[in-house]
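> Can you keep this structure in mind? I'll have questions shortly.
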Amino acid sequence: MDGNKLYIKGPQRMHGELLVQGSKNAALPILAATILGKGIFIIHHCPRISDVKHMLELLEDAGCRIHWEGHMLIVDTRELCNYRVSCSGAGKMRSTVTLLGSILGRMHQVEIPYPGGCTIGKRPIDLHLRGLEQLGAVFEHQEHTLYGKVKMLHGAQVYLDFPSVGATENVLLAAVLADGTTVLHGAALEPEIVELASFLRKMGADIKGDGTPVITVKGVPKLHAAEYIIPSDRIVAGTYLFGAVMGCGEVRLLHVPVTHLGKLPELLEQLGAVVEAEDDWIYVRMERQCRPVPYMVTAPFPGFPTDLQSALVAALSTASGMSFIEEKIFEARFQIVEELRKMGASVVSEDSFALIDGNAKLQGAHVEAKELRGGAALIMAALAAEGETCISGMEYVCRGYEDINSDLKKLGIMI
4 MDGNKLYIKG PQRMHGELLV QGSKNAALPI LAATILGKGI FIIHHCPRIS
54 DVKHMLELLE DAGCRIHWEG HMLIVDTREL CNYRVSCSGA GKMRSTVTLL
104 GSILGRMHQV EIPYPGGCTI GKRPIDLHLR GLEQLGAVFE HQEHTLYGKV
154 KMLHGAQVYL DFPSVGATEN VLLAAVLADG TTVLHGAALE PEIVELASFL
204 RKMGADIKGD GTPVITVKGV PKLHAAEYII PSDRIVAGTY LFGAVMGCGE
254 VRLLHVPVTH LGKLPELLEQ LGAVVEAEDD WIYVRMERQC RPVPYMVTAP
304 FPGFPTDLQS ALVAALSTAS GMSFIEEKIF EARFQIVEEL RKMGASVVSE
354 DSFALIDGNA KLQGAHVEAK ELRGGAALIM AALAAEGETC ISGMEYVCRG
404 YEDINSDLKK LGIMI
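Position in the sequence shown (first residue = 1) + 3 = the working numbering.
Here you go:
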């Protein structure tokens, strides 16, 4: 890798075993949750990615002390005293908004810059604010910041119009120390919600129903520190599985909770792969050209995740026929299409639809990662392409992939 560029000469075939890194989407809300308890938290298998780095800057800004020991993270929240989040990391990632519920829960007021992250659409935070308002919070929109306050959070019947993962997390974080019982209707079902609820229970929270559309939270007077193991990242695992499928590879991914993958194993079989799996590992072998997928739509868990849509588009560009994908989560998720065309793919996208005419012989090219998941998908496409591909914009990929160079080398790839 040269600065923010990665060079790969293809085609190359993935083969081997890999222990998948800790989950970005589980680690960030769990780190936000540490604010709710006074003490020393120990978080194992925490991914050392830029989004986690930025979150830790925010925690330090609030008064926490942070220490790494390999992939074990120690967070001391005893001296937390600042409800204002102002450091530069706040505007760089979406998960800043998750601090709303936890800081409100502990300090009863919060001020954060408007959150940033990937350029994949508007991603409004209205659902977060409405959920927290039903618990008693009042928000003021200032020029560059969002300020919220509450005298005392109280339990309520909270209804989400859409099963937003972030809004579900924020309501949980605010409700655990609220006065009374909160019933959240229309909650997200994602594995990361179950992980957050499990972590909060270890801290002393009373939560039932996580993993279902209705979650009940009985507020408790206080929470304490806890120790937790972050599960492996299901999206990183899915990215590498699609890479193996594109390049007729053979990989075994270890310590991956297979239930977190939803229907992905079935989709890989539909593409023509041989798939074996147990509770905590998955093996995939591909010996043929990908089959097309007549229709696939992204959906909340357990449906096909929007975070793997770019990798699927890349894989289907090499399939033996026509495929059609509908994106129902984010409105700007097809930014990879223009880059894949530079590599010879035949893909047409408009609004929330993409039509992929397979049988492309991908060629190396200079391409640009424009967001996190699309960037990782371009790397997988480069493995299947003839000749050298240069991928710029790797800073996006570093937001969610701890060391993609090392992972690929462990899977037999020369970079």
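No residue lacks a Cβ here, since even glycine has one placed at the ideal position from N, Cα and C.
Take I332 and list the residues in its own chain whose beta-carbon comes closer than 8 angstroms to its own, dropping the five residues that flank it on each side.
Excluding residues within five positions, the ones whose Cβ falls inside 8 angstroms are T301, A302, P303 and T309.
> Is DSSP giving R126 helix, strand or coil here?
With a pLDDT of only 49 at R126, under 50, the local geometry of the prediction cannot be trusted, and no value is derived from it.
> Nearest CA to the CA of F44: which residue from H131, Q24, W71 and A372?
That would be W71, whose Cα lies nearest to the Cα of F44.
> Quick one: Cα of I11 to Cα of L365, how far?
Approximately 13 angstroms, taken between the alpha carbons.
> Taking only the alpha-carbon atoms, compute the straight-line gap between S89 and E136 and give it to the nearest angstrom.
Rounded to the nearest angstrom, the two C-alpha atoms are 23 angstroms apart.
> Grab the span of the beta strand (DSSP E) containing P116 for me, first residue to last.
Segment Q112 to P116, the beta strand (DSSP E) holding P116.
> With C-beta atoms as the reference, is S105 less than 7 angstroms away from L149?
Cβ atoms of S105 and L149: not closer than 7 angstroms.
> Please confirm if the stretch 195-209 is in contact with the stretch 244-257, defined as three or more CB-CB distances below 8 angstroms between the two stretches.
No, the stretch 195-209 is not in contact with the stretch 244-257.
> Taking the C-alpha atoms as reference points, what is the distance between I210 and I218?
Their backbone Cα atoms lie some 7 angstroms apart in a straight line.
> My assumption, with CB atoms under 8 angstroms, is that G13 sits in contact with G367. Please give the rounded CB distance.
Confirmed, about 7 angstroms.
> Determine the direct distance from the alpha carbon of P50 to that of E405, and round the result to whole angstroms.
For E405 and P50, the distance between alpha carbons rounds to 6 angstroms.
> What residue does the beta strand (DSSP E) around S395 start on, and which one ends it?
Run containing S395: G390 to S395, per the beta strand (DSSP E) assignment.
> For L1, which of A385, Y162 and Q292 has the nearest alpha-carbon?
The chain is shown only over 4 to 418; residue 1 falls outside these bounds and no answer can be derived.
> Measuring straight from C-alpha to C-alpha, what distance separates A229 and K8?
In a straight line, the C-alpha of A229 is about 39 angstroms away from that of K8.
> Out of M289, H147, A276 and L132, which has the shortest C-alpha to C-alpha gap to R16?
The shortest Cα separation from R16 among M289, H147, A276 and L132 belongs to M289.
> Taking DSSP as the reference, what is the three-state secondary structure of A178?
DSSP places A178 in helix when its eight states are reduced to three.
> Just to confirm, are V220 and T185 a CB contact at a threshold of 7 angstroms?
In contact: V220 and T185 (Cβ atoms closer than 7 angstroms).
> For a test of your reading of the model: does the CB of A317 fall under 6 angstroms from any non-hydrogen atom of the ligand ADP? Yes or no.
With respect to small molecules bound, the structure shown includes none, and the ligand ADP cannot be examined in it.
> Which same chain residues end up closer than 6 angstroms to N85 when comparing Cβ atoms and leaving out the 5 residues on each side of it in sequence?
Here the set comprises A65 and G66.
> Pick from L21, L226, K56 and N173: whose alpha carbon is nearest that of R81?
R81 has its Cα closest to that of L226, out of L21, L226, K56 and N173.
> So which of V259, I328, K412 and G25 has the shortest CA-CA distance to Y298?
If we check each option's Cα against that of Y298, I328 comes out closest.
> Compute the Euclidean distance between the alpha carbons of V316 and I359, then round it to the nearest angstrom.
Distance between the alpha carbons of V316 and I359: 7 angstroms.
> Exposed or buried, H144, counting other C-beta atoms within 10 Å across all chains shown (16 or more means buried)?
Exposed, since its Cβ has fewer than 16 Cβ neighbours within 10 Å.
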